[in-house]
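These protein sequences, in sequence, are chains V and P.
Using our numbering, you'd call the opening residue of the first sequence number 1 and step up by one each time.
Using our numbering, you'd call the opening residue of the second sequence number 485 and step up by one each time.
All residues carry an ideal CB built from backbone N, CA and C; glycine is no exception.
This one's a predicted model, so the numbers in the text were calculated from it and none came from an experiment.
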Amino acid sequence: MTKYIRRAAALCAVLLLALLVNATRVQVFQAGAYDDNPANRRQTIARYGQPRGAILVGGRPVTGSRDSGQQLRYERTYTDGPLYAPVTGFASQVYGTTFLENSEDGILSGSDPLLSPFPLWNDATRAQNPAGKVVTTIDPAAQRAAYRGLGTRRGAVAAIEPSTGRILALVSTPSYDPGELSGTGRAVKHAWERLNGAADKPMLNRAIRQTYPPGSTFKVVTAAAALDAGVVTDLDTPTTSPDPYRLPGTTTRLTNELEGCEDASLRYAFEWSCNTVFAKLGVDVGLSDMTRTAADFGFNDRLRIPFSVAPSNFDTTLDKAQLALSSIGQFNTRATPLQMAMISAAVAGGGSVKTPYLVEKTTTRSDSTVSTTGPRTLHQAMNPATALRMRELMTDVVTEGTGANAAIPGATVGGKTGTAQHGIDNLGTPYAWFISWAQADGTMEPAVAVAVVVEDAAADRGDISGGGDAAPIAKAVMEAVLGF
Amino acid sequence: MAADPPAPAVRLPRRRGIEFTLIVMAVLLSVFGYCAVAYARHTALPPGAAVYGAGLGVLAVLAHVAVRLRAPYADPLLLPIAVLLNGLGLVLIYRLDLETPGDRAAPIQLIWSTLGVALFIAAVLFLRDHRVLQRYTYVSVVTALGLLVLPILFPAVNGARIWIRIAGFSIQPGEFAKVLLAVFFAGYLAANRNALAYAGRPVWRFKRLQLPTGRVLGPIVAIWLLSVVVLVLERDLGTSLLFFGLFVIMLYVATGRTGWIAVGLLLACVGAVAVGWLEPHVHSRVQDWLHPFATIEAGQGPNQLAQSLFAFAAGGMLGTGLGLGHSILIGFAAKSDFILATAGEELGLFGLCAIFLLYGLLVERGYRAGLALRDPFGRLLAIGLASIVALQVFVIAGGVTGLIPLTGMAMPFLAQGGSSVVTNWIIVALLIRVSDSARSQYDGTTAP
Chain V
1 MTKYIRRAAA LCAVLLLALL VNATRVQVFQ AGAYDDNPAN RRQTIARYGQ
51 PRGAILVGGR PVTGSRDSGQ QLRYERTYTD GPLYAPVTGF ASQVYGTTFL
101 ENSEDGILSG SDPLLSPFPL WNDATRAQNP AGKVVTTIDP AAQRAAYRGL
151 GTRRGAVAAI EPSTGRILAL VSTPSYDPGE LSGTGRAVKH AWERLNGAAD
201 KPMLNRAIRQ TYPPGSTFKV VTAAAALDAG VVTDLDTPTT SPDPYRLPGT
251 TTRLTNELEG CEDASLRYAF EWSCNTVFAK LGVDVGLSDM TRTAADFGFN
301 DRLRIPFSVA PSNFDTTLDK AQLALSSIGQ FNTRATPLQM AMISAAVAGG
351 GSVKTPYLVE KTTTRSDSTV STTGPRTLHQ AMNPATALRM RELMTDVVTE
401 GTGANAAIPG ATVGGKTGTA QHGIDNLGTP YAWFISWAQA DGTMEPAVAV
451 AVVVEDAAAD RGDISGGGDA APIAKAVMEA VLGF
Chain P
485 MAADPPAPAV RLPRRRGIEF TLIVMAVLLS VFGYCAVAYA RHTALPPGAA
535 VYGAGLGVLA VLAHVAVRLR APYADPLLLP IAVLLNGLGL VLIYRLDLET
585 PGDRAAPIQL IWSTLGVALF IAAVLFLRDH RVLQRYTYVS VVTALGLLVL
635 PILFPAVNGA RIWIRIAGFS IQPGEFAKVL LAVFFAGYLA ANRNALAYAG
685 RPVWRFKRLQ LPTGRVLGPI VAIWLLSVVV LVLERDLGTS LLFFGLFVIM
735 LYVATGRTGW IAVGLLLACV GAVAVGWLEP HVHSRVQDWL HPFATIEAGQ
785 GPNQLAQSLF AFAAGGMLGT GLGLGHSILI GFAAKSDFIL ATAGEELGLF
835 GLCAIFLLYG LLVERGYRAG LALRDPFGRL LAIGLASIVA LQVFVIAGGV
885 TGLIPLTGMA MPFLAQGGSS VVTNWIIVAL LIRVSDSARS QYDGTTAP
């Protein structure tokens, strides 16, 4: 019997060995795959197990974290949700993250290995880094001015610092409170359905994700191309421009809304926004120079600020009639408000287009720097000499032309209005545009460049104009930055 | 089996001091685990730590005193292992109670453990010689069958008819039946093993494989039918597997006939295929085992086995630490059938292996007592009791780690379940009794 007992014992030993080997398989060799299985809640639980890092505007956090006592413990809160929603985006336990909450998620959730001085040590101890902070470039005064200026109208504002590309304001209206989407549960689901179903698309970040026909504001690009290409050598020499202008190869006649555009000088045409003059200028400059200048300003480029910006469009294959229309910001030409602010900033900043950015730096919870962003030049969009003459033209618009509403005493302000037709047969409510920059008297550099678009500018169609609806908002934003 | 050896010439050391030292360490380890849970959750020591430690310590010391009085030669490892596993089980259940504030299982488990220790002490004090049990061979089997059939009269709980409810307490009679069946098998096989061993004729002339004749095959078929009946009527795959495995092992040890193994395996295969095909409950268990993540792919979220595997994986080598895992995601039965997942997640592979080795040691000490004993009944009883523990650990631990299809069964001492913990204390008491006989009769011819 002893022999058989020993054999039975050997069987038990085999069973024990099988358990040990299998436990090793599950806990060591397959552990990684099981940990990463999307149905495994542990990573989600760990992610929300500590307060989310703060996003700072003007040195103060605009976000917080709330202990919900649920399985996913900490929920995101926002101090001024609708105001900063185009900057922060939302951080939802159900619907993921957007904008800064998305692109800086590693820092904000604490998972970024750069937050840890000894990454391997944390792997061993299973300790989690405290979440880091994200310091934005936003100027709270400018942001508020833009948000207040837009009020209940649909529109967007982008403001940047011309010398660096720092984004000072990024506003989109109507907005929403991202805090409504933070947690889990029925209220969050309802908020998500309501916001996604809303006709005026409150979650659309119009400042960077929506492209509009830029209309007359695009004439800045056409004028710069014409000056750079030598098509126009003097601002005050009359051009050869018929009025009405027959689009090349068609019988369509392009007209102006006001008199005096026939053979007008560039200065007059820019000041009073003569469509005929700029349409012909675009054709005279030619497709290759126009597309190159547009591309140098940032068109057809995929920007990241650090989240992605919808590319602004200037078609690269056009016949002459299409080129004529494209040169006055119609046809397929489309731009984001941020793109138009970059154009304005390039004029103000000597022709150099800076890469716009929203994150000044990221830090650990105890304020030691993790990463910083500095100014980078995207392109030289025009000669400095051209830029000087464009400054002159834009300044004239504000002092004498359609942009008088943006004038600020004590500062040099340049601007350009635009009223963009759109929709089938151009029957949609036109978009009111205004792009501008401002330099306080006695300073070396322009402090701010702004682009404003108002979608539903006024109830009465006849009153819509960039100068009337958009310029006051731009003025308020510039004043906020200048500290006036 | 050789002729009875002469009377023992030397006596083994009693080693009660070692047992006491190990018991103290087992109690301290449990109290440490209890404090670790509370500290991890509230960063403060629990107020009841001293009471808990004292309670467990008093129970353990009382059991130790009983062993000292009436089984002085008993194996010194058995009791400390039981105390440690029971203490660890209480810690794990207390830890899971923190996640389910409305359902506190640890206090009830402590009451059952006390009852278990009381029965242990009673068994050690009053059962002076294990051979007395041989007289009750047939009483045991009748009682065991009665206990097994009893739950069929009660409503099913969670798809299985294995519980009876009396005065708020759930009792699983099948747990007690295990011990009684081991007694019956030991008694029956000790009496009939020669008839079983030498009946029948070889199937193949050149091999030693011999099939038994129909006359002695009867009881085996009866047991096989019993396990199938248990399975079908009570939907308790684990228990039927345990009974059948236990019987095959004891039959083999008693007769040494590989033919029995062949018959056993054949019957087991026939039974498993038939039941797996006919019984949807069992069929789904097999499907879950083959495809643990099928419900995830179907968009229904992870099932219990997938959650259990996630818990083990989350533990990795070193574990998250007591109180810091999320094994409660397993949901239903996290404190009972899936208690090992909590151990795996919070104590890691190292902790899990330590627990497996504790069970291995417990089984090994039982087998060792079986080897050292001289009477066939005692030997078979020791082997049977140790095999119950071994099979039970394998079936449930293999189930929750995805080694074999999952069947509901209690992890001995660790899992929530009063009947189970009481039964396991009785098993340990009987092992103490037979090991005391074995070591007090030690004659130097076999391993102690």
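Please list, in chain order, all residues of the same chain as residue i whose beta carbon is under 7 Å from its beta carbon, the five residues on each side excluded.
{"i": "G462(V)", "result": "Low confidence applies to G462(V): its pLDDT is 47, below 50, so where it sits in the model is not reliable enough to give any reading."}
{"i": "L599(P)", "result": "V906"}
{"i": "F796(P)", "result": "A825, G828, E829, T885"}
{"i": "N256(V)", "result": "D243, C274, N275, T276"}
{"i": "D289(V)", "result": "A225, A229"}
Is there a Cβ of chain P sitting closer than 8 Å to that of residue i, yes or no?
{"i": "A8(V)", "result": "yes"}
{"i": "D35(V)", "result": "yes"}
{"i": "R47(V)", "result": "no"}
{"i": "K3(V)", "result": "yes"}
{"i": "N40(V)", "result": "yes"}
{"i": "L15(V)", "result": "yes"}
Can you list, in chain order, the residues of its chain with a C-beta nearer than 6 Å to that of residue i? Leave out the 5 residues immediately preceding and following it.
{"i": "A920(P)", "result": "At residue 920(P) the sequence reads Asp, which differs from the Ala that was named. Once the five neighbours on either side are set aside, the close Cβ partners of D920(P) are A555, Y557, A558."}
{"i": "G760(P)", "result": "V766, H767, V770"}
{"i": "A798(P)", "result": "E829"}
{"i": "Y819(P)", "result": "According to the sequence as given, residue 819(P) is Lys; it is not Tyr. If we look at K819(P) and ignore the five residues flanking it on each side, its Cβ neighbours are I577, L580, A589, Q900."}
{"i": "I646(P)", "result": "P635, Q656, G658, E718, D720"}
Whose C-beta lies closer than 8 Å to the C-beta of residue i among residues of the same chain, with five residues either side of it excluded?
{"i": "A476(V)", "result": "A145, A146, R148, G149"}
{"i": "V663(P)", "result": "L869, I872, T907, I910, I911, L914"}
Does DSSP put residue i in a helix, a strand or coil?
{"i": "Q43(V)", "result": "helix"}
{"i": "Y557(P)", "result": "coil"}
{"i": "I343(V)", "result": "helix"}
{"i": "Q784(P)", "result": "coil"}
{"i": "V454(V)", "result": "strand"}
{"i": "I872(P)", "result": "helix"}
{"i": "R649(P)", "result": "strand"}
{"i": "I305(V)", "result": "coil"}
{"i": "E718(P)", "result": "helix"}
{"i": "G414(V)", "result": "strand"}
So that I know if they touch, is there some Cβ in chain V lying closer than 8 Å to that of residue i?
{"i": "M509(P)", "result": "no"}
{"i": "I733(P)", "result": "yes"}
{"i": "I780(P)", "result": "yes"}
{"i": "G828(P)", "result": "yes"}
{"i": "T891(P)", "result": "no"}
{"i": "M801(P)", "result": "yes"}
{"i": "G586(P)", "result": "no"}
{"i": "H614(P)", "result": "no"}
{"i": "G785(P)", "result": "yes"}
{"i": "A602(P)", "result": "no"}
{"i": "Y622(P)", "result": "no"}
{"i": "P860(P)", "result": "yes"}
{"i": "Y736(P)", "result": "yes"}
Rounded to the nearest angstrom, what separates residue i and residue j at their Cα positions?
{"i": "A752(P)", "j": "Q876(P)", "result": "17 Å"}
{"i": "V157(V)", "j": "L170(V)", "result": "6 Å"}
{"i": "G594(P)", "j": "L572(P)", "result": "One detail in the question is off: residue 594(P) reads as Leu in this sequence, not Gly. Approximately 12 Å between the Cα atoms of the pair."}
{"i": "T276(V)", "j": "P140(V)", "result": "41 Å"}
{"i": "T233(V)", "j": "L227(V)", "result": "6 Å"}
{"i": "R544(P)", "j": "L568(P)", "result": "Sequence check: residue 544(P) is Ala here, not Arg. Using only the alpha carbons, I get a separation of about 10 Å."}
{"i": "G215(V)", "j": "D469(V)", "result": "15 Å"}
{"i": "A874(P)", "j": "T362(V)", "result": "57 Å"}
{"i": "T152(V)", "j": "P311(V)", "result": "27 Å"}
{"i": "A346(V)", "j": "Q339(V)", "result": "11 Å"}
{"i": "S505(V)", "j": "I167(V)", "result": "Residue 505(V) lies beyond the stretch modelled for chain V, which goes from 1 to 484, so this question has no answer here."}
Next item on the list: Note down, in chain order, all residues in the region 55-82 of chain V with a beta-carbon under 9 Å from any beta-carbon belonging to chain P.
Entry: Of all residues in the region 55-82 of chain V, Q71 have a Cβ within less than 9 Å of some Cβ in chain P.
Note to self: Output needed in chain order: residues of the region 373-406 of chain V with a Cβ under 9 Å from some Cβ in chain P.
What the structure shows: Against chain P - using a Cβ distance shorter than 9 Å - the region 373-406 of chain V contributes no residues.
Note to self: Tell me which residues of the region 93-127 of chain V have at least one Cβ-Cβ distance to chain P shorter than 7 Å, keeping chain order.
What the structure shows: Using a CB distance below 7 Å, the part of the region 93-127 of chain V facing chain P consists of R126, ordered along the chain.
Notebook entry, point to check: Name the residues in the region 18-33 of chain V whose C-beta lies less than 7 Å from a C-beta of chain P; which are they?
Noted result: So the list reads A18, L19, L20, N22, A23, T24, V26, Q27, V28, Q30, A31, given in the order they occur along the chain.
Item checked: Contact residues within the region 520-551 of chain P, judged by C-beta distance below 8 Å to chain V -> Listed in sequence order: no entries.
Notebook entry, point to check: In chain order, what residues of the region 831-845 of chain P put their CB closer than 9 Å to some CB of chain V?
Noted result: Cβ contacts with chain V come from G832, L833, L836, C837, F840, L841, Y843, G844.
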